[in-house]
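So the number in this note's numbering is just where the residue sits in the sequence shown, counting from 1, plus 865.
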Amino acid sequence: MRKHIVIAFLCGMVIPVALLALTARVCTQYPEEKKPAETDTEQMSDRTEDAQMEDPVAYDAQTTISVQKEDGSVEDMTMEAYLTGVILAEMPTDFEEEALKAQAVVARTYTCKRLDTWKHDQAAVCTDHACCQGYCAEDAFLRSGGTEEGIDKARQAVTQTDGMVVRYDGELIDATYFSCSGGVTEDAVAVWGNDIPYLQSVESPGEEDAPRFEETVVFSPEDFCAMTGCCGSGPLTSWFSEPIYTEGGGVDTIEICGEIFNGVQLRKCLGLRSTAFTISVSDGEIIVDTKGFGHRVGMSQYGAQAMAAAGSDWKEILTHYYQGAEIGTMDRIN
């Protein structure tokens, strides 16, 4: 009897001590976060994302997307493989990791929106960057001078943001993006005529390293007339009125030889890189100076790179360029 009492007493002491030791070991496996979340909602979002990264059932690997290629054929591929190819085509792989992750999320958001409304008869998306999104297969990327390291960076940007998308009011956004803005992005209403709350003009500093940040194009009066269908009879300086600019710095309207042009129309006629341009006259020639490259609505890729280099993470990049939008996840296939 005394023996049993001693054993029970020892068990009562040893088991709690063992449990405390085990708890200590488990807790020390997770380091303290460098930047604690400011709200419970942010903490929950971080935990959800971490759980998704560790979950072997990944959304991208389990989701199939039909893709129309340049030759018209259609291939079914996983979201993971498709998005990796999109990054290889759409963004330099020597960009910062957080910029690549931001690109992965906007590309996934665009693609997921197309899963509900196919862009083509036989496929949700195509590989034409002017229509949907660019796509470059890994072997083609290597043949064009790319590296295995670049492929790994693109793939990691996809897997490390698995299933993450951008929403506004619970709906997937129109995840538009472009190369560089010239310092300020454009409102959607100025380009497409629709006022979209999350596609508003925002500052986009640090883009000066973009290879197409600025461009000057010179036209003879004859070429300018042929391209625009608009000619004047007086001095060149009398052909042009002062343009009216949008909030994002693009040309809204300008009068040329008595005819009103909008910035989008004139950009198309003259083959300009963006609608952020000025027109001047010198030595009998028409000079057009442009800033930025692309429609300038949504995320600037070189702006994302600048933000990432300055220390912003991919979430901060996306919520900057898509004002009022939220980061969430797609439902995974179990």
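All residues carry an ideal CB built from backbone N, CA and C; glycine is no exception.
Fair warning: this is a prediction, and the values are worked out from it, not measured in the lab.
Can you tell me the Cβ-Cβ gap for residue i and residue j, rounded? I've got them flagged as a contact below 8 Å.
i	j	result
Glu-945	Val-932	Actually they are not in contact, since the Cβ atoms of Glu-945 and Val-932 sit about 13 Å apart, beyond 8 Å.
Gly-1128	Val-1116	3 Å
Ile-1121	Cys-1095	5 Å
Tyr-1063	Gly-1189	5 Å
Quick one, which of the options has its alpha-carbon nearest residue i's?
i	options	result
Tyr-1187	Ala-1174, Val-971 and Pro-957	Val-971
Thr-1143	Ser-1177, Lys-1133 and Glu-1107	Glu-1107
Gln-1166	Ser-938, Thr-1041, Thr-1026 and Thr-928	Thr-1041
Val-1163	Gly-1136, Ala-1174, Ala-1173 and Gly-1113	The residue asked about is misnamed: residue 1163 is Gly in this sequence, not Val. When only C-alpha atoms are compared, the closest one is Gly-1113.
Ala-1055	Thr-1111, Gly-1047, Arg-1032 and Ser-1044	Thr-1111
Asp-1196	Thr-949, Lys-966, Met-1029 and Lys-1156	Met-1029
Gln-927	Leu-1137, Asp-1027 and Ser-1139	Asp-1027
Asp-925	Gly-937, Val-1023, Ala-988 and Cys-991	Val-1023
Val-1049	Tyr-1033, Asn-1059 and Val-1067	Val-1067
Arg-973	Gln-1170, Gly-1097 and Arg-1032	Arg-1032
Gln-1065	Asp-936, Thr-1118 and His-1185	His-1185
Thr-1194	Val-951, Ala-1141, Gln-1025 and Asp-1178	Gln-1025
By how many angstroms is the C-alpha of residue j removed from the C-alpha of residue i?
i	j	result
Gly-1123	Gly-1149	20 Å
Leu-953	His-994	12 Å
Thr-929	Trp-1057	31 Å
Cys-980	Phe-1089	As written in the sequence, residue 980 is Leu, which differs from the Cys given in the question. When rounded, the distance between both Cα atoms is 43 Å.
Glu-1191	Ile-1182	12 Å
Gly-1099	Ser-1085	15 Å
Asp-959	Ile-1061	32 Å
Ala-1005	Asp-1074	27 Å
Thr-982	Glu-1036	14 Å
Ala-923	Leu-1137	42 Å
Cys-1134	Ala-1091	10 Å
I'd like to confirm the pairing. Which residues does DSSP put opposite residue i in its beta bridges?
i	result
Tyr-1187	Bridge partners of Tyr-1187: none, in fact.
Ile-1119	Phe-1126
Gly-1047	Its beta-bridge partners do not exist; DSSP assigns none.
Lys-1180	Paired residues: none, contrary to the question.
Lys-1156	Glu-1079
Val-990	Val-932
Counting only the same chain and skipping the five closest in sequence on each side, list residues whose C-beta sits under 6 Å from that of residue i.
i	result
Ile-1152	Val-1083 and Ser-1145
Ala-1174	Glu-961
Met-956	Gln-968 and Gln-1166
Thr-1081	Asp-1154
Which same chain residues, not among the five before or five after residue i, have their C-beta less than 8 Å away from its C-beta?
i	result
Arg-1020	Glu-945 and Thr-949
Cys-1045	Ser-1069, Glu-1072, Ala-1075, Arg-1077, Phe-1078, Gly-1157, Phe-1158, Gly-1159, Ser-1165, Gln-1166, Tyr-1167 and Gly-1168
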